[in-house]
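In our numbering, the protein residues as written are 49 to 464.
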C-alpha cells in the first residue's frame with residue numbers, strides 16, 4: 049500500500065532533493081510526496097482529500113508555522129500522523145510539538161537515511177492504527193447486529209471478542225420460552241396502522257428488555273410472538289432458573305402493558321407463555337446472507353405447545369415439569385399431565401408462581417383439590433367448586449371443575 053507523505057517546508061531546494069533521495073521508492077509505488085510551503089498551503093492540500101497519511105513539517109515558516117499547523121491537525125478526529133523538523137538543540141519547540149501530538153521529530157540538517165527510517169517507522173504505526181480502527185468498526189457493526197438477538201452484555205462480549213462462543217450448529221441443553229398475545233391477529237385487523245405500530249413496538253421493546261435483563265436470547269419475533277432461548281449461545285448453567293424468573297417478569301410486564309392499553313380503549317388480550325427445558329440443535333441457520341440464530345428439536349416444539357395449551361387451561365403461563373425440576377425451590381401450581389400433539393407420553397406441567405403466592409389460602413386450597421383430583425377421589429369436584437366460590441376468577445380451577453362435571457377424572461389432560 050502506497051504511503052502518502054505531505055512535506056511542509058519553505059526551503060525551495062527541499063522538494064527536488066527529497067524526490068532524488070526517494071526516487072526508487074517513488075518509482076516502485078511505495079511512497080508519494082506532496083509539497084507545501086507553509087501551514088496554510090498544507091491545510092489547503094489536506095482539504096482536497098488526497099488521502100495524506102503523514103505530514104513532515106518544519107517549525108519555522110511564514111504565514112503559519114509548524115506548531116500552529118500541528119495544533120490545527122489535532123482538531124480532527126483522525127488527522128494524519130506528524131513528524132516535526134527542527135533545528136538541532138531546539139528542545140523547547142520539540143517538546144511543545146510532542147506535547148501537541150507529534151509522533152516523532154527530526155533535526156536539521158536532515159539526515160535522509162534517518163528520514164527514511166522515521167517515515168517507515170511512522171507508517172508501520174499508521175498501519176497498526178488503521179487495523180485497530182478497522183477492527184473497532186467491524187466490532188461496532190457486529191454489536192449492532194448481535195444486540196438485536198442477545199442481551200447487551202453478551203452482544204458486547206461476542207462483538208469485541210471477550211467471549212468465544214460457537215454460533216454454528218451444535219447440540220445444547222437449553223430452556224426455550226414462547227410468548228404470544230391472545231387474539232392479537234383479530235385485534236390488529238381493527239386497529240389504525242399508526243396505533244398498531246405504536247402498540248407492537250412498545251410491547252416488543254418492553255418484552256425484549258425483560259429478556260435481556262435475564263441474559264436471555266431473542267431467537268425470533270414474528271408479529272407479537274417471541275421465541276426466547278436460555279443456555280445458548282453462551283454457557284448458562286442456571287438457564288432454567290433464569291427462564292422461570294424471566295417468565296414471571298414477562299407476565300408482570302405484559303399484564304401492566306395490557307392494563308395500560310385497555311385504559312386507552314384497546315382490548316389487548318393476555319400474553320400466554322410456555323417454557324420447556326431439554327436438548328436442542330442451536331446455531332446460525334440463516335445461510336450465507338442472513339443471520340438467523342435459532343433452535344430446533346422436540347424441546348422447542350414442546351415449549352411452543354405449552355404456550356398454546358394456556359388457551360385451554362385458562363392460564364397465562366405454563367412450564368413443563370422437566371423445567372420445574374431443574375429449579376431449586378420452584379414455586380407453582382400443578383396443571384396436570386398434558387397430552388400434547390407430537391408426544392407419545394403425557395407431560396406434567398405447572399403454572400409458575402412467585403414464592404409468596406404459595407402460602408396464600410387460595411393456592412393451598414387448589415393444591416388440596418388437585419391432590420384429590422390426581423388420586424381420583426370424588427372429593428376433588430366439591431373442592432374445586434368451593435375454591436371457585438371464594439375465588440371466582442381462578443381460571444385453572446374452573447377448567448378442572450368443568451372437566452369433572454363432564455365426566456373426566458384424574459389429572460391426565462387431552463385437548464380435543
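We treat Cβ as the ideally placed atom computed from N, Cα and C, and that holds for glycine.
None of the values given here were measured: they were computed from a predicted structure.
Counting the other CB atoms within 10 Å of its CB gives residue 344 a total below 16, which places it among the exposed residues. If only complete runs of 3 or more residues are kept, the segment 381-411 shows the beta strand (DSSP E) at 395-400, in order along the chain. In the structure shown, residue 322 falls within a strand segment according to DSSP collapsed to helix, strand and coil. The segment 288-303 makes contact with the segment 367-376; the number of CB pairs closer than 8 Å reaches 3 or more. Between residue 444 and residue 353, the gap from beta carbon to beta carbon reaches 8 Å or more. The alpha-carbon of residue 120 is positioned some 11 Å away from that of residue 94.
Under a 10 Å Cβ-count criterion, residue 399 is classified as buried, with 16 or more other Cβ atoms of the shown protein chains found around its own Cβ. Pairing residue 112 with residue 149 gives a Cβ-Cβ distance that is not under 8 Å. Between residue 226 and residue 275, the gap from beta carbon to beta carbon is short of 8 Å. Less than 8 Å separates the beta-carbon of residue 135 from that of residue 155. Nearest to residue 281 by alpha-carbon distance, out of 292, 265, 294, 436, is 265. Contact annotation: residue 131 and residue 217 have beta-carbon atoms that are not nearer than 8 Å. The C-beta of residue 303 has fewer than 16 other C-beta atoms within 10 Å across all chains shown, which makes the residue exposed. Sixteen is the threshold: when 16 or more other Cβ atoms of the shown chains lie within 10 Å of the Cβ of residue 318, as they do, the residue is buried. Distance from the CA of residue 140 to the CA of residue 104, rounded to the nearest whole angstrom, comes to 18 Å. If you draw a straight line from the Cα of residue 68 to the Cα of residue 180, it comes to about 34 Å.
For residue 75, the enclosing alpha helix (DSSP H) covers residues 71-75.
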